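J.:
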Amino acid sequence: MRFPAEPFKIKVVESIKTTTQEEREKLLKEVGNNIFDIPSEKIFIDLLTDSGTSAMSDRQWAALMVGDEAYAGSRSFYKFEQTVKKLTNFGHVIPTHQGRVAENLLSSIIVKEGMVVPNNSHFDTTRANIEYHQGLALDLVIDEAYQPEVDHPFKGNMDIRKLERVINKYGKDRIPVCFLTITNNSGGGQPVSMQNIKDVKKVLSKYNIPLFFDACRFAENCYFIKTREKGYENKWILEIANEMFSYADGCTMSAKKDGLVNIGGFLALNDEGLAQKITNLLILIEGFPTYGGLAGRDLEAIAVGLEEVLDENYLQFRTSQVQYLAEMLDKENISIIKPAGGHAVYIDAQKFFPHIPNYQFPGQALVVELYKRYGIRSVEIGSLMFGKTDEKTGEEIHPKLELVRLAIPRRVYTSMHMNYIAEAFAELHKDRDKIKGMRITYEAPVLRHFTARLEEIN
Ligand SMILES: Cc1ncc(COP(=O)(O)O)c(C=O)c1O
Numbered sequence: 384m385r386f387p388a389e390p391f392k393i394k395v396v397e398s399i400k401t402t403t404q405e406e407r408e409k410l411l412k413e414v415g416n417n418i419f420d421i422p423s424e425k426i427f428i429d430l431l432t433d434s435g436t437s438a439m440s441d442r443q444w445a446a447l448m449v450g451d452e453a454y455a456g457s458r459s460f461y462k463f464e465q466t467v468k469k470l471t472n473f474g475h476v477i478p479t480h481q482g483r484v485a486e487n488l489l490s491s492i493i494v495k496e497g498m499v500v501p502n503n504s505h506f507d508t509t510r511a512n513i514e515y516h517q518g519l520a521l522d523l524v525i526d527e528a529y530q531p532e533v534d535h536p537f538k539g540n541m542d543i544r545k546l547e548r549v550i551n552k553y554g555k556d557r558i559p560v561c562f563l564t565i566t567n568n569s570g571g572g573q574p575v576s577m578q579n580i581k582d583v584k585k586v587l588s589k590y591n592i593p594l595f596f597d598a599c600r601f602a603e604n605c606y607f608i609k610t611r612e613k614g615y616e617n618k619w620i621l622e623i624a625n626e627m628f629s630y631a632d633g634c635t636m637s638a639k640k641d642g643l644v645n646i647g648g649f650l651a652l653n654d655e656g657l658a659q660k661i662t663n664l665l666i667l668i669e670g671f672p673t674y675g676g677l678a679g680r681d682l683e684a685i686a687v688g689l690e691e692v693l694d695e696n697y698l699q700f701r702t703s704q705v706q707y708l709a710e711m712l713d714k715e716n717i718s719i720i721k722p723a724g725g726h727a728v729y730i731d732a733q734k735f736f737p738h739i740p741n742y743q744f745p746g747q748a749l750v751v752e753l754y755k756r757y758g759i760r761s762v763e764i765g766s767l768m769f770g771k772t773d774e775k776t777g778e779e780i781h782p783k784l785e786l787v788r789l790a791i792p793r794r795v796y797t798s799m800h801m802n803y804i805a806e807a808f809a810e811l812h813k814d815r816d817k818i819k820g821m822r823i824t825y826e827a828p829v830l831r832h833f834t835a836r837l838e839e840i841n
């Protein structure tokens with residue numbers, strides 16, 4: 384079957400409240416068109432993120448009950464640690480309460496002023512953590528990633544020539560680590576091939592630069608390797624994951640994605656000295672090394688989630704549900720990043736609203752309109768999230784693409800929900816000429832999209 388049915392039955396349901404357009408318009412006014420400030424009860428379909436929004440399984444809920452809440456040496460920690468080790472083979476596993484803390488711990492120790500960190504594409508928290516420590520975060524993804532219409536099986540790949548150029552330009556001593564984000568969230572949820580991982584590792588090994596994965600969606604990446612890369616079609620997902628992690632020196636992980644839980648994360652690595660320094664900092668800001676900001680029950684749920692996510696039936700359904708939505712939008716002539724990502728469909732907002740220039744935030748205009756008319760929450764990944772003012776020239780810098788992400792929570796919505804979203808887009812597309820651009824009326828100095836206020840330009 385091209386689009387397999389959900390490989391699960393629904394045991395518990397959560398009702399969704401509906402709102403009127405009038406109510407939603409009032410709310411948007413109150414929050415300055417910032418979708419992050421809309422109470423979730425006022426949302427019909429929430430595609431803001433796939434992070435921390437998964438439905439846990441009956442096995443995970445059962446695991447919560449056996450959580451060991453000891454401050455030190457919790458049984459749940461050892462189970463969690465063993466699961467992560469089985470998956471990654473890294474020697475040290477450091478729990479954190481979410482992914483950005485893992486990034487913060489690592490950056491605090493290894494990133495100093497003037498240092499450079501390459502990545503295929505940095506996620507916003509990864510970039511912010513590096514820049515906070517006065518480092519330079521560089522995106523070195525292949526050019527195809529910036530061409531939404533170009534179909535490429537591994538659009539998350541790093542451009543090896545760009546990587547070598549960066550190493551030659553800045554010198555290996557200024558590059559404390561190189562990241563690969565698997566799958567590449569900011570670049571459309573696109574996977575990285577095993578071959579590319581090997582090639583990146585080969586280059587880095589020449590210069591003794593460690594490779595870390597931003598591994599939030601490692602299982603979805605493995606499934607794409609299995610289905611798209613020659614030689615992997617008959618391998619188990621765990622085998623593929625093991626091989627993938629064998630090329631890295633460590634990873635940061637938000638378990639809120641492929642850990643199938645609502646909170647949690649970790650940092651895993653081989654370097655003992657670095658692990659020691661990170662652990663010392665962990666105690667200061669998160670907690671004791673056997674809980675790291677999590678309850679014992681959370682660690683239990685992650686351990687089960689990390690096993691369940693390797694189930695091929697689940698991964699097949701998961702990726703094809705995203706594909707199903709993407710194909711429906713494509714049929715309606717909505718420009719999307721092709722192929723569909725592992726966790727989300729990305730709309731090319733600039734093509735959706737060709738009459739709204741990038742400095743008037745076409746992506747945010749689409750986000751606002753989707754909510755106003757249909758109660759759907761999405762998120763802008765464009766000039767609002769990544770645009771900034773050049774400190775030297777005062778010029779506005781814009782990202783290459785103005786995207787809107789429709790992130791699909793794991794095991795939460797059904798195919799009928801996907802149909803509703805596609806119909807909403809089809810209707811809005813016909814009416815798109817009437818939609819206006821926006822301007823910012825308030826912005827914070829970092830991660831402005833979370834708190835910015837905007838108004839429509841009349
Ligand atoms: C690629 C990537 N890295 C890091 C993070 C940060 O994880 P967290 O939200 O758990 O801090 C995210 C979250 O969405 C992500 O998608």
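Position 304 (the sequence shown) corresponds to 687 in my numbering; numbering is contiguous. Note that CB positions come from ideal geometry on N, CA and C, so glycine has one too. Computed from a predicted structure; not experimentally measured.
1) Quick one: residues in its chain with C-beta nearer than 6 Å to the C-beta of V687, no 5 flanking neighbours on either side, listed in chain order?
2) Determine the DSSP secondary structure at H832, reduced to helix, strand or coil.
3) Given that a residue counts as buried once 16 or more other Cβ atoms are within 10 Å of its Cβ, and exposed if not, what is Y615?
4) Can you look up A790 in the DSSP assignment and give me helix, strand or coil?
5) In the structure shown, what three-state DSSP assignment does G679 receive?
6) Does ligand 1 have a heavy atom nearer than 6 Å to the CB of T508?
7) Does the beta-carbon of C561, which I'm using as the reference point, lie nearer than 6 Å to any heavy atom of ligand 1?
8) Shorter than 6 Å, the distance from the beta carbon of Q481 to the closest heavy atom of ligand 1, or not?
9) Cβ of W597 versus every heavy atom of ligand 1: is any distance shorter than 6 Å?
10) Let me check understanding here. Comparing Cα to Cα, which of I720, L521, Y454 lies closest to K552?
11) Cβ of D597 within 7 Å of Cβ of T564?
12) If distances are taken between C-alpha atoms only, which option among R701, E826, I739, K469 comes closest to A723?
13) Cβ of K639 within 6 Å of any heavy atom in ligand 1?
14) Please name the residue in I720, P531, A827 whose C-alpha comes closest to that of K771.
15) On the CB-based measure, 16 or more other CB atoms within 10 Å of its CB, does A631 come out buried or exposed?
16) Three or more beta-carbon pairs under 8 Å between the segment 460-467 and the segment 660-667, yes or no?
17) Determine the closest residue to D534 out of P792, E778, I720, with distance taken between C-alpha atoms.
18) Taking E810 as the reference, which of T797, L749, G725 has the closest Cα?
19) Please state whether the Cβ-Cβ distance between G647 and A658 is less than 7 Å.
20) Could you have a look at F463 and say whether DSSP puts it in helix, strand or coil?
21) Within this structure, are the beta carbons of S703 and L430 separated by less than 7 Å?
22) Quick one: what's got a C-beta closer than 8 Å to G415's C-beta in the same chain, skipping five residues either side?
T.: Walking through what the data contain:
1) R442, Q443, A446
2) helix
3) buried
4) Three-state DSSP puts A790 in a strand.
5) helix
6) T508 Cβ: within cutoff of ligand 1.
7) no
8) Judged by the Cβ position, Q481 qualifies as a neighbour of ligand 1 at the 6 Å threshold, a heavy atom of the ligand being closer than this.
9) The question names Trp, but residue 597 in the sequence shown is Asp. Yes, ligand 1 has a heavy atom inside 6 Å of this Cβ.
10) L521
11) For D597 and T564, yes; Cβs fall inside 7 Å.
12) R701
13) yes
14) Distances from the CA of K771 to each of I720, P531, A827 were compared; the closest alpha carbon is that of A827.
15) buried
16) no
17) I720
18) L749
19) no
20) helix
21) 7 Å or more divides the Cβ of S703 from the Cβ of L430.
22) T824, Y825, A835, R836, L837, E838
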